[in-house]
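*Asks:* Note that the protein sequences, when read in sequence, are chains S and R. Note that my numbering numbers the first sequence so that position 53 is 53, with each residue one more than the last. Note that my numbering numbers the second sequence so that position 216 is 470, with each residue one more than the last. All C-beta atoms in this analysis are idealised placements derived from N, C-alpha and C, irrespective of residue type, glycine included.
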Amino acid sequence: MSPTAHAPVGEHGLQEPHARTGPTSHVPVGTAKVVRALVRKELLVELRTLESVPGMALFAVTTFVVFHFALNQNTVSGQEAAGILWVTLLFAAMLGVNRLFVADADQGGFDGFLLAPVDRTALLFAKALALLCYLLVLELVAVPAFGLLLLGPPLGQALPGLLAPLALGDLGVAAIGTLVAALAVRTRARDLLGPLLALPLLVPIVIGCARASAPLLASAHPGGPALRWIATLALYDLVFGLIAYAVFDFLLED
Amino acid sequence: MADLEVHAEAPTGVAVESGPAVELDALRRNYGERAALAGVSLTLAGGRTLVVFGPNGAGKTTLLRVLATLLRPHAGRVRVLGEELPRDAWRTRGRIALLGHEPLLYRELSARENLRYHAQLHGVTPERVEERLRAVAMIERADEPVRTLSRGMVQRVAVARATLHDPELLLLDEPYANLDPAAIELVEPLIGVDSGRTRVLTSHDPLRGLAEADVVLGLRGGRVALLGGADSIDPDDVAGLYR
Numbered sequence: 001m002s003p004t005a006h007a008p009v010g011e012h013g014l015q016e017p018h019a020r021t022g023p024t025s026h027v028p029v030g031t032a033k034v035v036r037a038l039v040r041k042e043l044l045v046e047l048r049t050l051e052s053v054p055g056m057a058l059f060a061v062t063t064f065v066v067f068h069f070a071l072n073q074n075t076v077s078g079q080e081a082a083g084i085l086w087v088t089l090l091f092a093a094m095l096g097v098n099r100l101f102v103a104d105a106d107q108g109g110f111d112g113f114l115l116a117p118v119d120r121t122a123l124l125f126a127k128a129l130a131l132l133c134y135l136l137v138l139e140l141v142a143v144p145a146f147g148l149l150l151l152g153p154p155l156g157q158a159l160p161g162l163l164a165p166l167a168l169g170d171l172g173v174a175a176i177g178t179l180v181a182a183l184a185v186r187t188r189a190r191d192l193l194g195p196l197l198a199l200p201l202l203v204p205i206v207i208g209c210a211r212a213s214a215p216l217l218a219s220a221h222p223g224g225p226a227l228r229w230i231a232t233l234a235l236y237d238l239v240f241g242l243i244a245y246a247v248f249d250f251l252l253e254d
Numbered sequence: 255m256a257d258l259e260v261h262a263e264a265p266t267g268v269a270v271e272s273g274p275a276v277e278l279d280a281l282r283r284n285y286g287e288r289a290a291l292a293g294v295s296l297t298l299a300g301g302r303t304l305v306v307f308g309p310n311g312a313g314k315t316t317l318l319r320v321l322a323t324l325l326r327p328h329a330g331r332v333r334v335l336g337e338e339l340p341r342d343a344w345r346t347r348g349r350i351a352l353l354g355h356e357p358l359l360y361r362e363l364s365a366r367e368n369l370r371y372h373a374q375l376h377g378v379t380p381e382r383v384e385e386r387l388r389a390v391a392m393i394e395r396a397d398e399p400v401r402t403l404s405r406g407m408v409q410r411v412a413v414a415r416a417t418l419h420d421p422e423l424l425l426l427d428e429p430y431a432n433l434d435p436a437a438i439e440l441v442e443p444l445i446g447v448d449s450g451r452t453r454v455l456t457s458h459d460p461l462r463g464l465a466e467a468d469v470v471l472g473l474r475g476g477r478v479a480l481l482g483g484a485d486s487i488d489p490d491d492v493a494g495l496y497r
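1) Cβ atoms of residue 158(S) and residue 230(S): under 8 Å apart, would you say?
2) Against chain R, does residue 240(S) count as a neighbour if the rule is that its beta carbon must be under 8 Å from one of theirs?
3) Look up residue 80(S) in the DSSP assignment and say whether it is helix, strand or coil.
4) Give the list of continuous alpha helix (DSSP H) stretches no shorter than 4 residues that lie fully inside the segment 22-101 of chain S.
5) In whole angstroms, what is the alpha-carbon distance linking residue 410(R) and residue 367(R)?
6) Look up residue 488(R) in the DSSP assignment and say whether it is helix, strand or coil.
7) Would the segment 239-251 of chain S and the segment 106-125 of chain S be scored as touching if the rule is three or more Cβ pairs under 8 Å?
8) From the DSSP output, read off the bridge partner residues of residue 426(R).
9) Could you list which residues in chain S have their beta carbon closer than 7 Å to that of residue 347(R), in chain order?
10) Three or more C-beta pairs under 8 Å: does that hold for the segment 321-329 of chain R against the segment 357-376 of chain R?
11) Assign residue 154(S) to one of two classes, buried (16 or more other C-beta atoms within 10 Å of its C-beta) or exposed (fewer than that).
12) If contact is defined by three or more beta carbon pairs under 8 Å, each pair taking one atom from either stretch, is the segment 470-480 of chain R in contact with the segment 433-449 of chain R?
13) For residue 285(R), write down the residues that DSSP places opposite it in a beta bridge.
14) Going by DSSP, which residues form a beta bridge with residue 364(R)?
15) What residues match up with residue 298(R) in a beta bridge as DSSP calls it?
16) Are the Cβ atoms of residue 276(R) and residue 466(R) separated by less than 8 Å?
17) Going along chain R, which residues have a C-beta under 9 Å from residue 44(S)?
18) Between which two residues does the alpha helix (DSSP H) carrying residue 381(R) extend?
19) Where does residue 139(S) sit, in a helix, a strand or coil, going by DSSP?
20) What residues are listed by DSSP as bridge partners for residue 307(R)?
21) Counting C-beta neighbours from all protein chains within 10 Å, is the total for residue 404(R) 16 or more, i.e. buried, or is it exposed?
22) May I ask you to report which of helix, strand or coil DSSP gives residue 329(R)?
23) On the DSSP bridge assignment, give the partners of residue 483(R) in chain order.
24) Should residue 370(R) and residue 390(R) be called a contact, given that it needs their Cβ atoms to be closer than 8 Å?
25) So is residue 65(S) buried or exposed if we call it buried at 16+ other beta carbons inside 10 Å?
26) Would you call the CB atoms of residue 202(S) and residue 173(S) closer than 8 Å?
27) So, is the C-beta of residue 180(S) closer than 8 Å to a C-beta in chain R?
28) With a threshold of 7 Å (Cβ to nearest heavy atom), would residue 129(S) be considered close to the ligand SAH?
29) Identify the continuous alpha helix (DSSP H) that holds residue 227(S) and give its terminal residues.
30) Can you tell me where the alpha helix (DSSP H) holding residue 317(R) begins and where it ends?
31) Just verifying my parser: in three-state terms, what is the DSSP assignment at residue 147(S)?
32) To the nearest angstrom, how far is the alpha carbon of residue 23(S) from that of residue 388(R)?
33) Give the range of the alpha helix (DSSP H) segment to which residue 199(S) is assigned.
34) With 7 Å as the C-beta to C-beta threshold (strictly closer), list the residues of the segment 94-108 of chain S near chain R in chain order.
35) Can you give me the start and stop residues for the alpha helix (DSSP H) that residue 162(S) sits inside?
36) For residue 110(S), which residues of its own chain have a beta-carbon under 6 Å away from its beta-carbon, when the five flanking residues on both sides are left out?
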């Protein structure tokens, strides 16, 4: 295939990169395969370094312990409980967000990816998926710890209803966190800029998740999740997911 | 310091059916207010070697990164492998390779894991990974984390990474740094003159650089201070760039 031949149009309307013949002949790499390779690499690096998840989990548990003693009350419930849970999860998540692109920035991972003939939004999907995995592990530790250390009503009855705000909250944090982390990592003040940019965008998620969860965590007459807030969270996630998808390519350009 | 005559003749080269591999016309790239590259123009035929000399900060690495599509030109015209940059940059990715100061390897992953990762990005088979590891004599240390390898070994793995996808154009930033003579002999067939690929490499060694070059570019302050066929350039002209 000559270098100037027109390439076929692939998914996302992008023309497929140049395909060559010979020992390394290959078809253009699909986005799903690239995302899988990137996620696998992310999780492998995290498993080897343990730079994000243990810190996030430890922060969350420590915060609950501090609240347990600082509030000077045996248990919390309702809106108070929801607020404590979600603020703690937010700040724990920020630890993961701050570290999301550091290995790539420090070890040339960005360049290695940018040199490849792949759809660049694959990096957005992969990083968001990796961050979702970290948040899942965080919540597997933090939510039971919350139930044990602070929550008055039994966690078991609230847990099924909590899944929706947890899932939507995680999606929002993953989308916004990945976007902000990519923006901040190439600056000198990345440790400061990341939280400065992310927190205002994540506050609505915390509010939505807390309001949606509060009825579930009430001690008297606990109810289902507030559907209005669930719908608001879903819409917020969708909007910022689309924004992240639209601008991510430009963040990688230099 | 003696003024260096700017050699403005078009370099000679083998006529390649698909056109020049690299064409620059008044390329400019800034970092803030400072021009890292200004007014750089040259043509490099396919299969030829361009060696870039210049003191630190002259713009050599910037030039490589522009050709690698990692930096956008701010003015002028850049064509790589027949494709206009940055508009058609996506067409060149997968056909070029950059071997820079950073090996682009994750320190906590092994050589094999790093190469398999890059192979997946480039759609290259796992068998090719093993072949490259054998070519750079790193099969026996392939499963150890990169952070445990010596700098020379890391550079060998980086060469394997850069040539994994059989690129048409090699962009090499002091490629033989950190390599002992035996290692240089190992990687020569992959990135040297005998690889048959079009090459743009930077060098601080006038004699070695001139021996490899078909075309010589000397940069100073981001501007062309020397340009011509290697036959017409004297080592003293190159040394003069550094005074």
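*Replies:* Once the coordinates are examined:
1) Residue 230(S) sits at position 230 when you count from the first residue of the first sequence. Residue 158(S) sits at position 158 when you count from the first residue of the first sequence. Cβ distance not < 8 Å, so residue 230(S) and residue 158(S) don't count as in contact.
2) Within the first sequence, the letter at position 240 stands for residue 240(S). Not an interface residue.
3) Taking the first sequence and counting its residues from 1, one reaches residue 80(S) at position 80. Note: residue 80(S) maps to helix in three-state DSSP.
4) 31-49, 53-70 and 78-99
5) Taking the first residue of the second sequence as position 1, residue 410(R) is located at position 156. Taking the first residue of the second sequence as position 1, residue 367(R) is located at position 113. Cα-Cα distance, rounded: 15 Å.
6) Taking the first residue of the second sequence as position 1, residue 488(R) is located at position 234. Here residue 488(R) sits in coil by DSSP.
7) yes
8) Within the second sequence, the letter at position 172 stands for residue 426(R). The partner list for residue 426(R) (beta bridge, DSSP) reads 353(R) and 455(R).
9) For the purposes of this step, residue 347(R) is taken as residue 93 along the second sequence, with counting starting at 1. Under the 7 Å cutoff, chain S gives 17, 115, 116 and 117.
10) no
11) Within the first sequence, numbered from 1, the residue matching residue 154(S) stands at position 154. Flag for residue 154(S) reads exposed.
12) no
13) As a first step, residue 285(R) must be located in the second sequence, where it is residue number 31. Beta-bridge pairing links residue 285(R) to 288(R).
14) For the purposes of this step, residue 364(R) is taken as residue 110 along the second sequence, with counting starting at 1. According to DSSP, residue 364(R) bridges with 399(R).
15) Within the second sequence, residue 298(R) is the residue found at index 44, counting from 1. Paired residues: 276(R).
16) By one-based count along the second sequence, residue 276(R) stands at place 22. By one-based count along the second sequence, residue 466(R) stands at place 212. Contact: no.
17) Here the question's residue 44(S) lines up with position 44 in the first sequence. Within 9 Å Cβ-Cβ: 360, 362, 363, 367 and 371.
18) Counting from one through the second sequence, the residue named residue 381(R) turns up at place 127. Element bounds for residue 381(R): 380-389.
19) Taking the first sequence and counting its residues from 1, the one referred to as residue 139(S) is at position 139. Helix.
20) Here residue 307(R) refers to the residue found at position 53 when the second sequence is read from its first residue. In the DSSP output, where bridge partners are listed per residue, residue 307(R) has 472(R).
21) Counting from one through the second sequence, the residue named residue 404(R) turns up at place 150. So residue 404(R) ends up on the exposed side.
22) To locate residue 329(R), count along the second sequence from 1; it is residue 75. In this structure, residue 329(R) counts as strand in the three-state DSSP scheme.
23) Counted from its first residue, the second sequence places residue 483(R) at position 229. Answer is 469(R), bridged to residue 483(R).
24) Locating residue 370(R) in the second sequence gives position 116, where the first residue counts as 1. Locating residue 390(R) in the second sequence gives position 136, where the first residue counts as 1. No, the Cβ-Cβ distance between residue 370(R) and residue 390(R) is not below 8 Å.
25) Position 65 of the first sequence, counted from the first residue, corresponds to residue 65(S). So residue 65(S) ends up on the exposed side.
26) Within the first sequence, residue 202(S) is the residue found at index 202, counting from 1. Within the first sequence, residue 173(S) is the residue found at index 173, counting from 1. Yes, Cβ-Cβ distance for residue 202(S) and residue 173(S) is below 8 Å.
27) Position 180 of the first sequence holds residue 180(S). It does not; no Cβ of chain R falls within 8 Å.
28) In terms of ligand content, the structure shown is empty, and the ligand SAH therefore cannot be addressed.
29) Walking along the first sequence from the start, residue 227(S) turns up at place 227. Per DSSP, residue 227(S) belongs to the alpha helix (DSSP H) from 227-252.
30) The residue you call residue 317(R) lines up with position 63 of the second sequence. Per DSSP, residue 317(R) belongs to the alpha helix (DSSP H) from 314-321.
31) Along the first sequence, one-based indexing puts residue 147(S) at 147. Residue state, collapsed to three classes: helix.
32) Along the first sequence, one-based indexing puts residue 23(S) at 23. Along the second sequence, one-based indexing puts residue 388(R) at 134. Only weak support is given to the placement of residue 23(S): the predicted model assigns it a pLDDT of 43, under 50, and the question is left unresolved by the model.
33) Mapped onto the first sequence, residue 199(S) falls at position 199. Residues 190-213.
34) 103, 107 and 108
35) Counting from 1 along the first sequence, the entry for residue 162(S) is found at position 162. That run of the alpha helix (DSSP H) goes 155-185.
36) Sequence index remark: in the first sequence, residue 110(S) carries index 110 (1-based). Closer than 6 Å at Cβ, skipping near neighbours: 104.
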